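Residue numbers (our numbering): -16 to 555.
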Amino acid sequence: MRVLKIAVAVLMLAVAGLAQTASEQNLKLDQVIDRVVQQEAAFMDSLRDYRPVVETYIQEMRADKELGMVPQRDEYFLAKADFSQGIREHVFAGAGADTKHHHLAFVSKTFSSPFAMKYVDTGFLQGIIVDTGAFDQSHYQFELLRREFLGDLRCLVFDVTPRKGSGQGRFMGRIWVEDQDYHIVRFSGVRVNAPRFHYYFHFDSWRLSMGPGVWLPAYVYTEENDREYGAFSHAHFKAQTRLWGYDLRSSHRQDELTTVLVESPNAIADHAEQTQDRGPLEALHAWQRLSEDNVVDRMERAGLLAPRGEVEKVLETVVNNILVTNNLDIQPEVRCRVLLTAPLESFTMAHTIVISRGLIDTLPDEASLAMVLAHELGHVVLGHAIDTRWAFSDRMIFSDFEAFSRLDFRRTPAEEQAADQKAVELLQKSPYAGKLNEGGLFLRALSARSKDLPNLVTAHLGNRLALGNQVVRMQTVAQSAPALNLSQPDQIAALPLGARLKLDPWTDRVEMMKSKPAAATSAREKMPFEVTPFSPFLTRRPSSASPASAGATAQATPAAVPTTAPAETESH
Ligand SMILES: [Zn+2]
-16 MRVLKIAVAV
-6 LMLAVAGLAQ
4 TASEQNLKLD
14 QVIDRVVQQE
24 AAFMDSLRDY
34 RPVVETYIQE
44 MRADKELGMV
54 PQRDEYFLAK
64 ADFSQGIREH
74 VFAGAGADTK
84 HHHLAFVSKT
94 FSSPFAMKYV
104 DTGFLQGIIV
114 DTGAFDQSHY
124 QFELLRREFL
134 GDLRCLVFDV
144 TPRKGSGQGR
154 FMGRIWVEDQ
164 DYHIVRFSGV
174 RVNAPRFHYY
184 FHFDSWRLSM
194 GPGVWLPAYV
204 YTEENDREYG
214 AFSHAHFKAQ
224 TRLWGYDLRS
234 SHRQDELTTV
244 LVESPNAIAD
254 HAEQTQDRGP
264 LEALHAWQRL
274 SEDNVVDRME
284 RAGLLAPRGE
294 VEKVLETVVN
304 NILVTNNLDI
314 QPEVRCRVLL
324 TAPLESFTMA
334 HTIVISRGLI
344 DTLPDEASLA
354 MVLAHELGHV
364 VLGHAIDTRW
374 AFSDRMIFSD
384 FEAFSRLDFR
394 RTPAEEQAAD
404 QKAVELLQKS
414 PYAGKLNEGG
424 LFLRALSARS
434 KDLPNLVTAH
444 LGNRLALGNQ
454 VVRMQTVAQS
464 APALNLSQPD
474 QIAALPLGAR
484 LKLDPWTDRV
494 EMMKSKPAAA
504 TSAREKMPFE
514 VTPFSPFLTR
524 RPSSASPASA
534 GATAQATPAA
544 VPTTAPAETE
554 SH
């Protein structure tokens, strides 16, 4: 009976589509709900094809007289979700695991934090799925509330409540359904009827269009205020979960498991440029660049590094501003790349500077960015070399999960100090001289917060910026900055996470946010280094093979979205 009902609904929808109305008006409410249910089942099936990177960053908060709530502790985990093992069969074998909560099994392995599994246990990844297998009218009651626009999508808004006796861990809350194909694009609420030793958190979950008919989880904001944690204590926390790296599978899917070697395309380009034997120094440079290229290529394939794009050009412009004013001509040229993760770090591999998404997000202005890049340029100018063992590409053969343990770009304390000193020299002659108050304030804000945010200041590949409550980078700039006043609304020392960069979950590209940051009217709104709720501008992406700018479709203004974009492929 049920199958027949859906078939009728599909047919009616097809007719509606032909008539260019594509509206739910042609369907009875019941049929619309069945269509939503069917689309969600198809979504669950499609998830198996993906192995995105999942990052969750959690900040536990405490009350503060002046600032409202401030972070007092943090947790971080990074993992590759594995939806391919079969959503219904694969069960996580940890304490309190329950066969009804298969989604807990999705994390195959965590990169770093010893606390990670504890948090996965309690279910941050839950936030990407409405229900693991019982999302239908026999388990849930749907109440249509209204229509509402999310971005440029017209959505139907439903309140969804589990029916009596429908089982543990059911979803209760609100769903937003786009009214063309009935994909759930946002849902917000909580799971109810927790099994023993399970704690469910409130979450606000967003899916983005990755191409026609493809909507995939991109952001989950989790927040609990005064949540009772069994017998332990009360929890105040907020967390951001981000997913990306969806399209890595297309060309590199097997690498994760079989670690097939792919030769760096840049190595071929180098070969073509060369017309005669290289002298010893040029050969060394080429050898070092080969190491950089191998590492960059491997990290890109692991979903840890953004492909080159406009943000990298912005970074290189700042680098050039410093080099030109210092009369430095560095060969091979200095390049910049963005590490896609939140923890604040930057490091250098020979002539390639890498800076993390979280660090770019939180830096208050261009001069403070210049301060970070100048330190890395210090390493470049002083000839602090890359470990050339990476020139042998067999050393790039490891699973994605091992990337953080295999790769290491930490410098010795002596090299760090020398780079700091060189950076101060470089900055003095640069256009950023005399503009470093914000950079110094950033470092001061970092030292004020770093003890409470140890995971945010833990570098995974390079040197840390702070240790305990002490900033260990560019201390002279910090010392000459004005006094830090966290309760002064217009002194912006550091921005919240997510303030600058937008990450395209499909292509891994990053770009600068188009929206101007709103000015904080009170000190409570400054939220330096903090996580905040998500509010992406939802729109339909024309095609998954769309040009770089289509990455903007995730959040940008509609005017910026090319609706009939030519099918360009990336070239560089
Ligand atoms: Zn350094």
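Just so it is clear, CB atoms sit at the ideal spot from N, CA and C, and this is done for glycine as well.
In this text, all values refer to a predicted model and were calculated from it rather than measured experimentally.
Check	Outcome
Classification of Gly361 by the beta-carbon crowding that lies within 10 angstroms, buried from 16 upward	buried
Counterpart residues of Tyr202 in DSSP-defined beta bridges	Trp189 and Arg225
Check: Asn309 C-beta below 6 Å from any heavy atom of ligand 1	no
Spatial neighbours of Thr166 in its chain, beta-carbon cut-off 6 Å, leaving aside the 5 residues before and after	Before going further, note that residue 166 is His rather than Thr in the sequence given. Excluding residues within five positions, the ones whose Cβ falls inside 6 Å are Gln22 and Trp198.
Distance between Pro479 and Met510 (C-alpha atoms, nearest Å)	6 Å
Distance cut 6 Å, beta-carbon to ligand 1 heavy atom: residue list by chain order	His358, His362, Arg394, Glu399, Ala402 and Asn446
Inter-residue spacing [alpha-carbon to alpha-carbon] between Asp260 and Leu267	12 Å
Straight-line gap, Val160 to Pro525 (C-alpha atoms, nearest Å)	19 Å
Secondary structure of Trp489, DSSP reduced to three states	coil
Inter-residue spacing [alpha-carbon to alpha-carbon] between Arg340 and Val321	6 Å
Where the alpha helix (DSSP H) through Ala357 begins and ends	Glu349 to Val364
Cβ-based burial, Arg447 [other Cβ within 10 Å; buried from 16]	buried
Own chain, CB closer than 7 Å to Trp489, minus 5 neighbours either side, in chain order	Met193, Tyr229, Asp230 and Ser527
Lys296 to Gly134 span [Cα, whole Å]	29 Å
Rounded separation between Asp57 and Phe220 - CA only	9 Å
Boundaries of the beta strand (DSSP E) in which Asp47 is found, first to last residue	Val36 to Asp47
Where Lys63 falls: helix, strand or coil (DSSP)	strand
Same chain only: Cβ atoms within 7 Å of Arg393, ignoring 5 sequence neighbours per side	Gly445 and Asn446
Selection from Met457, Leu467, Leu439 and Ser274 that minimises the alpha carbon distance to Ser351	Met457
Cβ contact (3+ pairs, closer than 8 Å) linking the segment 120 to 131 and the segment 139 to 154	yes
Identity of the residues DSSP links to Ile167 by a beta bridge	Val160
C-alpha gap between Val440 and Pro195, whole angstroms	39 Å
Bounding residues of the alpha helix (DSSP H) (the contiguous stretch that carries Arg281)	Pro263 to Arg284
Expected contact under 8 Å - CB spacing of Leu409 and Ala464 to nearest Å	About 18 Å separates the two Cβ atoms, so there is no contact after all.
Bridge-paired residues (DSSP) for Ser29	Note: Ser29 sits in no beta bridge, so no partner.
For Tyr123: DSSP bridge partner residues	Pro145
Three or more C-beta pairs below 8 Å linking the segment 325 to 343 and the segment 356 to 371	yes
Proximity of Phe512 and Arg427 at Cβ, strictly below 7 Å	no
Paired residues, beta bridge with Asp57 - DSSP	Gln42
Strand pairing of Glu131, partner residues [DSSP]	Cys138
Spatial distance of Ser275 from Lys11 (CA atoms)	Here residue 275 is Glu; the residue named in the question, Ser, does not match the sequence. Straight-line Cα distance between these residues: approximately 59 Å.
Bounding residues of the beta strand (DSSP E) (the contiguous stretch that carries Ser339)	Thr335 to Ser339
Of the residues Ala501, Phe118 and Thr324, the one placed nearest Asp17, counting alpha carbons only	Phe118
Nearest neighbour of Pro315, chosen from Ile343, Leu273, Thr324 and Asp280 [CA to CA]	Leu273
Option in Thr258, Gln163 and Met495 with minimal Cα separation from Leu139	Gln163
Start-end ranges of the alpha helix (DSSP H) lying completely within the segment 288 to 334, minimum 4 residues	293 to 308
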